[in-house]
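To start, the structure under review is shown below, and the notes come after it.
In our numbering, the protein residues as written are 922 to 985.
Next up, the structure:
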């Protein structure tokens with residue numbers, strides 16, 4: 922567990938290891954909620970432009 926400092930303007934900086942692991946680039950939208958344990962941040966649903974598809978002969982994305 923790591924400690925973060927809340928700046929005067931309310932900003933916190935997430936560690937680079939977490940940003941890379943979760944694919945959090947500048948401008949990424951996060952959802953914030955309050956739980957009985959504290960504050961939970963999680964990425965919002967990815968847009969279709971960020972969906973990963975495996976390089977196979979068939980697409981993983983099906984349009985209906």
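C-beta: ideal position from N, C-alpha, C; glycine also.
Fill in: C-alpha distance - residue 961 paired with residue 955, whole-angstrom precision
Counting from 1 along the chain shown, the entry for residue 961 is found at position 40. Counting from 1 along the chain shown, the entry for residue 955 is found at position 34. Their backbone Cα atoms lie some 6 angstroms apart in a straight line.
Worksheet entry | Integer-rounded CB distance, given that residue 934 should sit under 8 angstroms from residue 945 | Here residue 945 is taken as the residue at index 24 of the chain shown, counted from 1. Here residue 934 is taken as the residue at index 13 of the chain shown, counted from 1. Actually they do not touch by this definition, with Cβ atoms about 11 angstroms apart.
Discussion item. Going by the DSSP bridge assignment, what does residue 955 pair with across the sheet?
Written reply: As a position in the chain shown, residue 955 is number 34, starting the count at 1. DSSP output for residue 955 lists 960 as bridge partner(s).
Practice prompt. Measure from the alpha carbon of residue 950 to the alpha carbon of each residue in 936, 929, 940, 930, then state which is nearest.
Written response: Within the chain shown, the letter at position 29 stands for residue 950. Checked all of 936, 929, 940, 930; the closest Cα to residue 950 is 940.
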